[in-house]
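Colleague: Got a structure for you, questions after.
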Amino acid sequence: MRRALRLARRAEGEVGHYPLVGALVVKAGRVAGQGYFQLPGEPHAEVKAIAAAGTKARGATLVLNLEPCCHWGRTPPCTDTVIRAGIRRVVAGMTDPNPKVAGNGFRRLRQAGLEVVTPVLEPECRRLNEVFVKFITTRLPFVVLKVGATLDGKIATRAGESRWITGAAARREVHRLRAKADAVMVGAATVMRDDPELTARLGKKVRHPRPVVVDEALRISPRSRFLRPCPRKGKPIVATTRRAGPKRIRAFAAAGAEVLVLPQDRQGRVDVRAMMRALGEREIASVLLEGGAELNASMVAAGLVDKVIVFVAPKLLGGWKSRPMIGGQGPARLRKALPLSGLSARRVGEDLMLTAYVGARLAVPLPKKA
Ligand SMILES: NC(=O)c1ccc[n+]([C@@H]2O[C@H](COP(=O)([O-])OP(=O)(O)OC[C@H]3O[C@@H](n4cnc5c(N)ncnc54)[C@H](OP(=O)(O)O)[C@@H]3O)[C@@H](O)[C@H]2O)c1
858 MRRALRLARR
868 AEGEVGHYPL
878 VGALVVKAGR
888 VAGQGYFQLP
898 GEPHAEVKAI
908 AAAGTKARGA
918 TLVLNLEPCC
928 HWGRTPPCTD
938 TVIRAGIRRV
948 VAGMTDPNPK
958 VAGNGFRRLR
968 QAGLEVVTPV
978 LEPECRRLNE
988 VFVKFITTRL
998 PFVVLKVGAT
1008 LDGKIATRAG
1018 ESRWITGAAA
1028 RREVHRLRAK
1038 ADAVMVGAAT
1048 VMRDDPELTA
1058 RLGKKVRHPR
1068 PVVVDEALRI
1078 SPRSRFLRPC
1088 PRKGKPIVAT
1098 TRRAGPKRIR
1108 AFAAAGAEVL
1118 VLPQDRQGRV
1128 DVRAMMRALG
1138 EREIASVLLE
1148 GGAELNASMV
1158 AAGLVDKVIV
1168 FVAPKLLGGW
1178 KSRPMIGGQG
1188 PARLRKALPL
1198 SGLSARRVGE
1208 DLMLTAYVGA
1218 RLAVPLPKKA
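Quick note: the sequence shown uses this note's numbering, first residue 858, plus one each step.
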């Protein structure tokens, strides 16, 4: 199963709202064929593994991290291929949360007389597909809030300076996170202050994520760097409201952006819930939320953040006026603090990378050997 997970991971950043799946056909203790799901529209992992195994698939065991599908999508049901190939035993990491499958694949295999062993390494399997699990069950993107902060939790000085709080290794890690995401989101003030490119600069060819900039009145410039042409997973998105006016909206459309004119929240800003639904409709399954403090606050308050990654630099900034990770009012009561779970830490260069999940409901349990 670990090998299947490793295979599946090869397509990270490429599958969008589809799952990452790796599969192996095992015969007499040897791998007779393997495959992973690479690109939407292509054959599924198990179909590739069975094809690679050829006649050796008869009587063999199929190991894969996700329940085989039993419905017609872009490709025929995989369960039929598995049964036809003469596979005797299926070892599957987890049930497919897609309501069209949800255990029906296993049922179909058992009805056909195959042995089904499941779940296996379920926490690892769920974690690998945390984006898919969220998207297929809610049609909303999985949101990772990413912050670069000082040890006292500040993301910018009182003058708004934030480049660079963390070191080169942490910044490289951020580019890796960007390469995996379908979209990277920032607030208007961050664009006006820093004019970020919002690309994944890894020194190799990647499709960059779609930038999403949240600006209810379109105060940012249509010449901002995130609008410059480059190979992206789709057009840059500007999320705004009627407050922007038709002339500004036209200017951004002419600059190559998809302009989403969305409802306003109570403060007249972009309604972030409506924004996330609109991104979901565009099949954006994962969003890396990169601040600033105000947008982070709106997204957290609306319950739209699933995972938090904080790069902590060994520096202190202090000051009431330097920017915190999350702005807004904050609750008066400690019991209103947002609980996180599955906290883990890793050293990245001179900084620490802290990862945690929001709440218990959406949390993917930590694997035993984290
Ligand atoms: N260290 C880090 O990881 C990091 C990351 C990003 C940014 N930063 C720093 O953070 C600072 C910018 O942060 P910031 O808090 O001032 O601004 P921000 O979150 O980048 O942008 C906030 C602005 O976005 C617009 N907006 C529209 N709808 C919104 C909604 N529903 N909720 C929140 N905002 C909405 C508003 O524009 P209007 O003003 O037009 O109302 C609001 O003022 C900069 O200094 C930047 O360098 C640091």
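Note that CB positions come from ideal geometry on N, CA and C, so glycine has one too.
#1: Just how far apart, CA to CA, sit residue 1180 and residue 1005?
#2: Assign residue 1152 to buried or exposed, taking buried as 16 or more other Cβ atoms, counted over all protein chains shown, within 10 Å of its Cβ.
#3: Tell whether a beta-carbon distance below 8 Å holds between residue 914 and residue 944.
#4: To the nearest angstrom, how far is it from the Cα of residue 859 to the Cα of residue 1100?
#5: Take the Cβ of residue 1225 as the centre, count every other Cβ of all protein chains shown within 10 Å, and call the residue buried at 16 or more, exposed below.
#6: Among the candidates 1055, 1091, 1057 and 1012, whose CA atom is the shortest distance from the CA of residue 1169?
#7: Could you please give the first and the last residue of the uninterrupted alpha helix (DSSP H) stretch that includes residue 1230?
#8: Select from 866, 871 and 890 the residue whose C-alpha is nearest the C-alpha of residue 1140.
#9: Within a Cβ cutoff of 7 Å, which residues of the same chain sit near residue 1014, ignoring the five residues on either side of it in sequence?
#10: Considering only the beta carbon of each residue, do residue 1017 and residue 977 sit closer than 8 Å?
#11: Could you tell me which residues DSSP puts in a beta bridge with residue 1168?
#12: If contacts are defined as beta-carbon pairs under 8 Å, then residue 1119 and residue 1132 qualify, I think. What distance do you get, rounded to the angstrom?
#13: Could you work out which residue in 1116, 1201, 1208 and 1206 is closest to residue 1214 when comparing CA atoms only?
#14: What residue from 900, 921, 917 and 906 has the CA that sits closest to residue 934's CA?
#15: Give a single yes or no on whether residue 890 has its beta carbon closer than 7 Å to a heavy atom of ligand 1.
#16: Could you say which of 897, 911 and 866 lies nearest to residue 888 if we only look at CA atoms?
#17: Who are the Cβ neighbours of residue 867 in its own chain at under 6 Å, not counting the five residues just before and after it?
#18: Shorter than 7 Å, the distance from the beta carbon of residue 1183 to the closest heavy atom of ligand 3, or not?
#19: Cβ of residue 907 versus every heavy atom of ligand 1: is any distance shorter than 7 Å?
#20: Pull up the DSSP beta-bridge partners for residue 893, would you.
#21: So, is residue 1227 buried or exposed, given that buried needs 16 or more other C-beta atoms within 10 angstroms?
#22: For residue 1070, write down the residues that DSSP places opposite it in a beta bridge.
#23: Could you spell out where the alpha helix (DSSP H) holding residue 864 opens and where it closes?
#24: Taking only three categories from DSSP, how would you classify residue 977?
#25: Is it the case that the stretch 1036–1043 contacts the stretch 1059–1068, given that we only count it when at least three CB pairs across the two stretches are under 8 Å?
#26: Is any heavy atom of ligand 1 found at a distance shorter than 7 Å from the C-beta of residue 1160?
Modeller: Let's see:
#1: 12 Å
#2: Answer is buried; the Cβ neighbour count reaches 16.
#3: Yes, they are a contact pair.
#4: 51 Å
#5: With a pLDDT of 48 at residue 1225, under the threshold of 50, the modelled position of this residue cannot be trusted; read the value that follows with caution. The residue in question, residue 1225, is exposed, as its Cβ has fewer than 16 Cβ neighbours within 10 Å.
#6: 1012
#7: Given that the chain is displayed from residue 858 to residue 1227, the structure contains no residue 1230 and the question cannot be resolved.
#8: 871
#9: 1174 and 1179
#10: no
#11: The beta-bridge partner set that DSSP reports for residue 1168 consists of 1005 and 1210.
#12: Confirmed, about 5 Å.
#13: 1201
#14: Measuring from the Cα of residue 934, the nearest candidate turns out to be 900.
#15: Because no heavy atom of ligand 1 lies under 7 Å away, the Cβ of residue 890 does not count as near it: no.
#16: Of the candidates 897, 911 and 866, the residue whose Cα lies closest to the Cα of residue 888 is 911.
#17: 893
#18: Judged by which ligands are present, ligand 3 is missing from the structure shown, whose ligands are ligand 1.
#19: No, Cβ of residue 907 sits at least 7 Å from all heavy atoms of ligand 1.
#20: 879
#21: Residue confidence for residue 1227 is low, a pLDDT of 36 falling below 50, so the modelled location carries little weight and cannot support an answer.
#22: According to DSSP, which records beta bridges pairwise, residue 1070 is partnered with 1043 and 1095.
#23: 859–866
#24: coil
#25: Yes: the two stretches touch, three or more of their Cβ pairs being nearer than 8 Å.
#26: no
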